[in-house]
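Trainee: Dropping the structure in here first, questions after.
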Amino acid sequence: MKLEVLQIAFAALRANLLRSLLTMLGIVIGIAAVIAMIALGDGAQRSVRERLSKLGTTTLQIDAQWVRQNGIQTNIRKRVTIDDVNSINEHAEHVLAVEPQQDKDLQIQWRDHNASTKIVGATANFAQVQNFRIDHGRIFTSGEDIGRQRVAVLGANVPSMLGVASANTLLNEEVRIGGMQFVVIGILQAKGASSGFGSADDQVFVPFGTGRYRLFKTDRLDDLFALAESEAMLPQATQEITLALRRSHHLSYDQADDFRIRNPSDLLTTLGETTQVFTSLLAGIAAVSLLVGGIGIMNIMLVSVTERTREIGIRKAIGASRANIVLQFLMEAILLSLAGGGIGMGIGLAVTVGAASLLSRQLGELLIPYLLIVSIALTFSIAVGMIFGTYPAIRAANLDPIEALRS
Numbered sequence: 000m001k002l003e004v005l006q007i008a009f010a011a012l013r014a015n016l017l018r019s020l021l022t023m024l025g026i027v028i029g030i031a032a033v034i035a036m037i038a039l040g041d042g043a044q045r046s047v048r049e050r051l052s053k054l055g056t057t058t059l060q061i062d063a064q065w066v067r068q069n070g071i072q073t074n075i076r077k078r079v080t081i082d083d084v085n086s087i088n089e090h091a092e093h094v095l096a097v098e099p100q101q102d103k104d105l106q107i108q109w110r111d112h113n114a115s116t117k118i119v120g121a122t123a124n125f126a127q128v129q130n131f132r133i134d135h136g137r138i139f140t141s142g143e144d145i146g147r148q149r150v151a152v153l154g155a156n157v158p159s160m161l162g163v164a165s166a167n168t169l170l171n172e173e174v175r176i177g178g179m180q181f182v183v184i185g186i187l188q189a190k191g192a193s194s195g196f197g198s199a200d201d202q203v204f205v206p207f208g209t210g211r212y213r214l215f216k217t218d219r220l221d222d223l224f225a226l227a228e229s230e231a232m233l234p235q236a237t238q239e240i241t242l243a244l245r246r247s248h249h250l251s252y253d254q255a256d257d258f259r260i261r262n263p264s265d266l267l268t269t270l271g272e273t274t275q276v277f278t279s280l281l282a283g284i285a286a287v288s289l290l291v292g293g294i295g296i297m298n299i300m301l302v303s304v305t306e307r308t309r310e311i312g313i314r315k316a317i318g319a320s321r322a323n324i325v326l327q328f329l330m331e332a333i334l335l336s337l338a339g340g341g342i343g344m345g346i347g348l349a350v351t352v353g354a355a356s357l358l359s360r361q362l363g364e365l366l367i368p369y370l371l372i373v374s375i376a377l378t379f380s381i382a383v384g385m386i387f388g389t390y391p392a393i394r395a396a397n398l399d400p401i402e403a404l405r406s
């Protein structure tokens, strides 16, 4: 019986194919908007969370900011210094490690290949603080840092930037950085995360003392990274670092901080605020489109009931029950909605893939929840068909068979 109802529903839709396609248009647009909204919003959130977990959920980044006096930004910018590192180590009880960092864009050369990338002077604990993992070789030691040894640890992307297919090829090889020879002692695992602009995998790490006295020749620090004991201790560690830096910078109680402390939750908050407007806009479009599409299905089904009044009368006269009539017209509405949902899902996925490829340059690879997309598309399609097809189906079932046969 159910198979017969399905066949009749398909036949009725095929009989008015153009009308059926136009009716599905609202559902197509609505489902496509829902798919794009969920896929891009959820995909961006998942991607950022994964990248932050690689960056380190307990890592705090400290850098200087412009000083404001009487609400006006001045040209005075307080720098973070080695004294700040010592102050944090002395007064911040819930900070496990502090890593000062200097960096500069320089040329790195190996044989006849060269590339411009960020060279970072860091202490030997940079891998612990910034959650890097070694892939080949080793990290430089504190002794090599104190001795200002010319050794380097390459980010995961650097070998390919130098035209090397296998990263192992560069181990124990000499590369030229800023005109000086360095020995490659290690290569990091791919991280795909960044603490600022650019990819962390494009960086080259050298001992802090080597960078400070041989490459950069300055005592100016670009950033400080601090590792808190745990995520639960992040607020307390942030407060302790703030007090330590204010003491180091000799700031009075009425002076504003001349530094900024950032943690992973700040990035998530920024992402949430950015995607909220985008999500709300698409949600509004999807809701209106689904409403219009649902009303279109109801309208066409009412027209279909009017056109097929005599058919309904004949079916009732030969023994069809009210439930049979309801099921027949409800099935037609659901099939219309499902067909529109299927087309909308295809369009939504195509838009999602295209948008994801563009956003990947800023957010990295988006983790699109394809299973969730399919389930939501099917759920919305069936729901719209049932909600907006119920009234026409009940109206058809309530027709008096004698009156219907007279029409």
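Per numbering that gives the first Met the number 0: the sequence shown ends with 406, consecutive numbering throughout. Glycine included, every Cβ here is placed at the ideal spot set by N, Cα and C.
1. Tell me which residue opens and which closes the beta strand (DSSP E) that M179 is part of.
2. For the ligand MN, is there any heavy atom lying closer than 8 Å to the beta carbon of I393?
3. On the DSSP bridge assignment, give the partners of K407 in chain order.
4. For T237, does the three-state DSSP call read helix, strand or coil?
5. From S303 to A354, what distance separates their C-alpha atoms?
6. Would you decide whether M160 is buried or exposed? Buried here means 16 or more other CB atoms lie within 10 Å of its CB.
7. Please tell me whether A243 and A63 are closer than 9 Å, where the distance is taken between their beta carbons.
8. Are the CB atoms of V94 and L226 nearer to each other than 9 Å?
9. Following the continuous beta strand (DSSP E) through D134, name the residue where it begins and the one where it ends.
10. Expressed to the nearest angstrom, what Euclidean distance is found between the alpha-carbon atoms of F125 and E172?
11. What's the gap between the Cα of G29 and the Cα of P391?
12. Could you tell me the distance, in whole angstroms, from the CA atom of A282 to the CA atom of G343?
13. Does the Cβ-Cβ distance between S115 and N156 come in under 9 Å?
14. Quickly, what does DSSP pair R226 with across the bridge? List them, please.
15. The alpha helix (DSSP H) with I393 in it runs from where to where?
16. Along the chain, where does the beta strand (DSSP E) containing I260 start, and where does it finish?
17. Based on DSSP bridge pairs, tell me the residues matched to R147.
18. Using the Cβ count rule (16 or more neighbours within 10 Å means buried), how would you classify V79?
19. Counting Cβ pairs closer than 8 Å, one from the segment 386-402 and one from the segment 332-351, do we hit at least three?
20. Buried or exposed: D82, going by 16 or more other Cβ atoms within 10 Å of its Cβ?
21. Helix, strand or coil for P153, going by three-state DSSP, please let me know.
22. If you count every other CB in all the chains shown that lies within 10 Å of the CB of A38, and 16 or more means buried, which is it?
Mentor: Based on what the coordinates show:
1. M179 to L187
2. Only the bare structure without any ligand can be found here, which leaves the ligand MN out of the picture.
3. Examination of residue 407 is not possible in this model, given that the chain is present from 0 through 406 alone.
4. helix
5. 40 Å
6. M160 is buried by the Cβ-count criterion.
7. no
8. yes
9. I133 to G136
10. In this model, F125 and E172 are separated by some 22 Å (Cα to Cα).
11. 22 Å
12. 15 Å
13. Cβ distance not < 9 Å, so S115 and N156 don't count as in contact.
14. Before going on, a small fix: residue 226 reads as Leu here, not Arg. The partner list for L226 (beta bridge, DSSP) reads T58 and A96.
15. Y369 to A396
16. Per DSSP, I260 belongs to the beta strand (DSSP E) from F258 to R261.
17. Partner(s): none; R147 has no beta bridge.
18. buried
19. yes
20. Classification of D82: exposed, given that the 10 Å Cβ count is below 16.
21. Here residue 153 is Leu; the residue named in the question, Pro, does not match the sequence. Reduced to three states, the DSSP call for L153 is strand.
22. Label assigned to A38: buried.
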